[in-house]
Amino acid sequence: MKLSPDGYRLPSGADPLEVVHQHGTPLFVYDAQVIRDAYTRMVRAFDVPALSINYAVKALQNINILKLLGDLGAGLDCVSIYEVEAGLQAGFEPRQIIFTPSAVSFEEIKFAHALGVRVNIDAIPLLERFGVEFPGASVCLRFNPHVFAGGHRKISVGHINSKFGISIHQLPHVLRLVKRLDLRVEGVHIHTGSDILDPDVFLAATEILFNTAKAFDDLEYIDFGSGFKVAYRPDDIETDIETIGQRLSARFNDFCKEYGKDLTLMLEPGKYLVSRAGYFLVRTNMVKQTTAAVFAGVNSGFNHLIRPMLYDAYHHIVNLSNPHGKPRIYNVVGYICETDTFAIDRPIAEIREGDILAIFNAGAYAFSMASNYNMRPRPAEVLILDGKAHLIRRAETLDDMMRTQIPLPDLFPDKDITV
Ligand SMILES: *Cc1c(COP(=O)(O)O)cnc(C)c1O
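Per this note's numbering, the sequence shown starts with residue 204, numbered consecutively.
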């Protein structure tokens, strides 16, 4: 978001207060242009015979976002059968979807296979069962390279203590099963977690995957996962995608020569594509001075945006209603009955009751992690597309929250309780 003399403007130029006027708060707003730019930048960073960017649906699942990315040429990376089905509903071909679950039932994997999507298996018992049920089938294998790629401990998943993937040290066992069960390993995969800062660490992990890939004869692709970091703080560094693109492409092209076949380089970015496109707009319900601090309390909480509480994540916040106001130091908190802090000791242009605040980087893992905790409806979502604000999800209502509950008619027969 940019500050102009007239106040803040969304990246594609729309006035966020205008959008609030139309759709109220709390509200998630996504700017399609930012998603397009991120996608294009990533494509341009790589120079390989074939590139496949599979958007990690779990970052933000709205079907319009899936369609927008599909239109740009992306495939999908899905972690549940429901994400797979949403992808099919959005118009993706089954082979454009890779299903990368962890610790799901075999039934779910079987169902995905029946739908024709690519199945990425991350445990030996599942591989064995898959091979027994579907001899001759194609699979992708998720390996755990045993590297710590950096980032918050809760989002690092490629290290030795992680539940994800088949250990690279189990390769002999994998090869034995693949041969015995006549499986076709079409791809190998790693995903080391979110927020990779150092290209060297990322590239070191890819070396391990190249080394593993050599053991398979029928590969079509190598999937390097994701973890590309974006800037959260104004002066933050982000993953240098151009450097990674250049270095990984060169190494990949060499590998293809060695391997004797042009393979597809796959990636699965979630955060990189959508994080920066999203703004979460909230209204200030109260400004309260305590003995310790000044609290600005807003009409949302970790029920809508859990990253600050879950990952200690920094999300930049500006005051849209007082863009040129003098900065003061605030704790921005939510309305949930728990410690519910969006920001501590944060300089923000003076906040008054009723002011609209914009929380940045609300595209990835924001709405998709929202809940009904404290019995609060989940907010609406708006997509700014070609200069227009489109409502792409209405806010939930009390009825939505009651819909799946089943009141027992005879629970308290003597009391007159109506639900
Ligand atoms: C979450 C996830 C991603 C996306 O990670 P980002 O940090 O959002 O880019 C990619 N692949 C797999 C398997 C994942 O679980």
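For glycine and all other residues, C-beta sits at the position ideal for the given N, C-alpha and C. Owing to the predicted nature of the structure, the values given are computational and were not obtained by experimental measurement.
The residue among Leu344, Ile312, Lys382, Glu389 with its C-alpha nearest the C-alpha of Ser370 is Leu344. Scanning the segment 408 to 480 from its first residue to its last, the whole alpha helix (DSSP H) runs of 4-plus residues come out as 444 to 462, 474 to 477. With a 10 Å radius around the Cβ and a threshold of 16 neighbouring Cβ atoms, Thr493 comes out exposed.
In the three-state reduction of the DSSP assignment, Lys366 falls in the coil class. When DSSP states are grouped into helix, strand and coil, Phe405 belongs to the helix group. Relative to the Cα of Ala499, the nearest Cα in the group Glu441, Arg450, Phe413, Ile554 belongs to Ile554. Taking 6 Å as the cut-off, one finds no heavy atom of ligand 1 near enough to the beta carbon of His519. Between the segment 387 to 407 and the segment 424 to 434, the count of C-beta pairs closer than 8 Å reaches three or more; the two stretches touch. In the three-state reduction of the DSSP assignment, Phe615 falls in the coil class, being assigned neither a helical nor a strand state.
By alpha-carbon distance to Ala241, the top candidate from Gly473, Tyr211, Thr467, Gln373 is Gly473. Going down the chain, each residue whose beta-carbon is closer than 6 Å to a heavy atom of ligand 1 shows up: Ala259, Lys261, Ala262, Asp280, Val282, Thr303, His394, Ser397, Gly428, Ser429, Gly430, Phe431, Glu471, Pro472, Gly473, Lys474, Tyr475, Ala567.
The Cβ atoms of Val535 and Leu263 lie no closer than 7 Å to each other.
Collapsing the DSSP output to three states places Gln236 in a helix. Beta-bridge partners of Gln492 (DSSP): Val497. Taking a cut-off of 8 Å for Cβ pairs, the segment 277 to 284 and the segment 484 to 492 do not touch, as fewer than three such pairs fall below it. Scanning its chain for C-beta atoms nearer than 6 Å, with the 5 sequence neighbours on each side dropped, one finds around Asp250 the residues Ser452, in chain order.
For Asp602, there is no enclosing beta strand (DSSP E); the residue is part of the alpha helix (DSSP H) that begins and ends at 601 to 605. Taking the CA atoms as reference points, Leu378 sits about 23 Å from Phe455. Burial is judged here by how many other beta carbons sit within 10 angstroms of a residue's own beta carbon; Val335 has fewer than 16 and is exposed. Judged by DSSP in its simplified three-state form, Asp280 adopts strand. By the Cβ criterion, the segment 595 to 607 is not in contact with the segment 537 to 547, since fewer than three pairs of Cβ atoms, one from each stretch, lie closer than 8 Å. Per the DSSP secondary-structure output, Gly210 pairs in a beta bridge with Ser207. Cα atoms of Tyr533 and Asp543: separation of roughly 14 Å, rounded to the nearest angstrom. Looking only at Asp548, Gly528, Ala573, Pro550, the smallest Cα-Cα distance to Leu513 is reached by Ala573. Here Met245 is buried, its C-beta having at least 16 other C-beta atoms within 10 Å.
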